[in-house]
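What follows is a short report on a single structure.
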């Protein structure tokens, strides 16, 4: 009876998504359509589908499958990028000019031709809108005043991008793989712009289609976005105008399901093909089910505890180090993150250029007490910790509360939802905070800049890295981080990033805990499902169903 009800609900969901053309008979057990992949995933972080504005995890996957960029990350060798809409590119001898030749005959999903003018307009749109991810492009010296000169079409098939400094080419190209670099169908978007009254902060008379693109679509990827309803469903449909290998399946449906146990039950019943938020216990149950299978991939996402240097006790170097000896890494690794993460004490994810593999800290209360005594805090102290009320974060916070207590440190946990804890953290009003950081693009600068760079430690500083959020004023490391961007020899650049990670291990206010392992539970008939190193490289076009 339960299976029948779940299957009926699934059919209603499809109809509600304007997919009434899908017809399948009522089987004895629940089943998804043969040409459709149905995934259960917590997608409540989706706020907008505009690549110039979206900066959350789950929409990165949607945009990565629905839009194409000049270049894409090569998920089989993340030290390289591969062609996107560009078939080739060259870098000038002075390292300032990047010239991209576009593949001939490309079309957007709408049928409009893809030209270099679309690429140039896409860059201009990002810079002028100036939403959260815009810095990935503006860090190369692009401004609202110069973008049309610095990012322009030389002809219909040639796009020229001029940067302000001779950066490492790998850094520039990796940044262009980010979803903010999506090539937009300018003709289609311009049909949907809304008028805006210019202000001192926004000097343009239209919204560049931002209002429409919050739910609309103007791309050229293997899938097109067919429908999105917040906290309910997102539907990708095969783009028959895609220039590359067409997706094997007609559509991919993401159902918003937050609870791990619910996802597991739906997977076992056949109501979904893929479960995306499995916690260790449910992951173990799925792995033992003969009709199901699992897959996983290390992600460029790290979890950490940070210590606000505005707190005089936490600002003591000995306290910063003591905290790193008061986390029971082994216990956390074998229970709370079993199968979904790997203990990692450096901020750079495995597989990234210059990633340092070093886990020097172990749970050592005696060592921590020695350090606290040197800091003049032999009897410990009291402190608060802001914690988002999700797992495994809450469990790690509670475990840490117990272990630091053995050294006389009393931690009061302040729980809250993501918005509450992040707002307080971003305002530097916390004592301690436990959070996660995902790479913005697959280059070592993404994490090095946020963990070891703080150009202006003032409360009104505009470059709000994680170092800034924790008031860690490090001018020397900031300069070394900048220098690494300008080193064009990859081996030398890798060495520079290893040195930065070592400095963070020795002195930083960050207690790195683990690198995320993304997991998924699958029905046995799902083939070629592969998770990528970041969310916008979770490509679903190769997936088939038997």
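Residue numbers (mature numbering (1 follows the signal peptide of the UniProt record, and there is no 0)): -30 to -1, 1 to 516. Ideal placement from N, C-alpha and C gives every residue a C-beta, glycine not left out.
For the beta strand (DSSP E) containing residue i, name the first residue and the last one.
{"i": "residue 94", "result": "Looking at the DSSP string, residue 94 is not in any beta strand (DSSP E); the run it does join, the alpha helix (DSSP H), is 86 to 99."}
{"i": "residue 402", "result": "402 to 408"}
{"i": "residue 224", "result": "221 to 226"}
{"i": "residue 363", "result": "From DSSP, residue 363 is part of no beta strand (DSSP E) but of the alpha helix (DSSP H) over 363 to 375."}
{"i": "residue 352", "result": "352 to 358"}
{"i": "residue 383", "result": "380 to 386"}
{"i": "residue 208", "result": "203 to 208"}
{"i": "residue 52", "result": "51 to 53"}
{"i": "residue 311", "result": "311 to 313"}
In angstroms with no decimal places, state the Cα-to-Cα distance between residue i and residue j.
{"i": "residue 516", "j": "residue 203", "result": "24 Å"}
{"i": "residue 73", "j": "residue 59", "result": "11 Å"}
{"i": "residue 98", "j": "residue 111", "result": "13 Å"}
{"i": "residue 116", "j": "residue 105", "result": "15 Å"}
{"i": "residue 6", "j": "residue 496", "result": "11 Å"}
{"i": "residue 323", "j": "residue 239", "result": "42 Å"}
{"i": "residue 467", "j": "residue 294", "result": "21 Å"}
{"i": "residue 500", "j": "residue 257", "result": "17 Å"}
{"i": "residue 492", "j": "residue 431", "result": "46 Å"}
{"i": "residue 88", "j": "residue 156", "result": "6 Å"}
{"i": "residue 482", "j": "residue 3", "result": "43 Å"}
{"i": "residue 1", "j": "residue 124", "result": "52 Å"}
{"i": "residue 473", "j": "residue 80", "result": "50 Å"}
{"i": "residue 187", "j": "residue 21", "result": "10 Å"}
{"i": "residue 403", "j": "residue 374", "result": "15 Å"}
{"i": "residue 361", "j": "residue 61", "result": "45 Å"}
{"i": "residue 359", "j": "residue 15", "result": "15 Å"}
{"i": "residue 93", "j": "residue 326", "result": "34 Å"}
{"i": "residue 547", "j": "residue 184", "result": "This structure cannot settle anything about residue 547, because the visible part of the chain is limited to -30 through 516."}
{"i": "residue 378", "j": "residue 400", "result": "20 Å"}
{"i": "residue 331", "j": "residue 349", "result": "22 Å"}
{"i": "residue 205", "j": "residue 311", "result": "29 Å"}
{"i": "residue 129", "j": "residue 191", "result": "19 Å"}
{"i": "residue 211", "j": "residue 75", "result": "11 Å"}
{"i": "residue 25", "j": "residue 504", "result": "13 Å"}
{"i": "residue 509", "j": "residue 51", "result": "15 Å"}
{"i": "residue 263", "j": "residue 224", "result": "19 Å"}
{"i": "residue 434", "j": "residue 396", "result": "8 Å"}
{"i": "residue 275", "j": "residue 478", "result": "11 Å"}
{"i": "residue 38", "j": "residue 153", "result": "6 Å"}
{"i": "residue 480", "j": "residue 219", "result": "44 Å"}
If you run the structure through DSSP and keep just helix, strand and coil, what is residue i?
{"i": "residue 234", "result": "helix"}
{"i": "residue 398", "result": "coil"}
{"i": "residue 556", "result": "Outside the shown range of the chain, which is -30 to 516, sits residue 556, and nothing can be said about it."}
{"i": "residue 66", "result": "coil"}
{"i": "residue 19", "result": "coil"}
{"i": "residue 483", "result": "strand"}
{"i": "residue 347", "result": "coil"}
{"i": "residue 8", "result": "strand"}
{"i": "residue 59", "result": "strand"}
{"i": "residue 517", "result": "As displayed, the chain neither begins before -30 nor continues past 516, which places residue 517 out of reach and without an answer."}
{"i": "residue 106", "result": "helix"}
{"i": "residue 45", "result": "coil"}
{"i": "residue 290", "result": "helix"}
{"i": "residue 491", "result": "strand"}
{"i": "residue 324", "result": "coil"}
{"i": "residue 474", "result": "helix"}
{"i": "residue -10", "result": "With a pLDDT of 40 at residue -10, under the threshold of 50, the modelled position of that residue is not reliable, and the figure given next carries that caveat. In this structure, residue -10 counts as coil in the three-state DSSP scheme."}
{"i": "residue 1", "result": "coil"}
{"i": "residue 245", "result": "strand"}
{"i": "residue 183", "result": "helix"}
{"i": "residue 497", "result": "strand"}
At the 7 Å Cβ level, is residue i part of the contact set with chain C, yes or no?
{"i": "residue 415", "result": "Considering every chain present, this structure includes no chain C. It has just one protein chain."}
Provide the residue span of the alpha helix (DSSP H) that contains residue i, from first to last.
{"i": "residue 193", "result": "No alpha helix (DSSP H) contains residue 193, which is instead part of the beta strand (DSSP E) from 193 to 199."}
{"i": "residue 512", "result": "Premise fails: residue 512 is in no alpha helix (DSSP H) and is neither H nor E."}
{"i": "residue 33", "result": "27 to 36"}
{"i": "residue 419", "result": "414 to 422"}
{"i": "residue 303", "result": "299 to 304"}
Task: the region 339 to 358 touching the region 481 to 494, judged by at least three CB pairs closer than 8 Å - done: no
Open item on the list: Which runs of the beta strand (DSSP E) at least 3 residues long sit entirely within the region 109 to 174? Give them in chain order.
Closed with: 121 to 125 and 128 to 132
Task: Whole beta strand (DSSP E) elements within the region 434 to 465, 3-residue minimum - done: none
Open item on the list: Using 8 Å as the cut-off, can you tell me whether the region 29 to 36 makes contact with the region 131 to 141, which would need three or more C-beta pairs spanning the two stretches below that distance?
Closed with: no
Task: Length-filtered (4 minimum) alpha helix (DSSP H) runs lying within the region 247 to 288 - done: 250 to 257
Task: At least three beta-carbon pairs within less than 8 Å, the region 165 to 179 to the region 453 to 464 - done: no
Open item on the list: For the pair the region 243 to 256 and the region 213 to 230, tell me if three or more CB-CB distances fall below 8 Å.
Closed with: yes
Open item on the list: Closer than 8 Å is the cut-off here; do at least three beta carbon pairs connect the region 272 to 288 with the region 41 to 49?
Closed with: no
Open item on the list: Counting beta carbon pairs with one atom in the region 403 to 413 and one in the region 144 to 151, are three or more of them shorter than 8 Å?
Closed with: yes
Open item on the list: Under 8 Å, with one C-beta from each stretch per pair, do the region 415 to 425 and the region 386 to 395 reach the 3-pair mark?
Closed with: no
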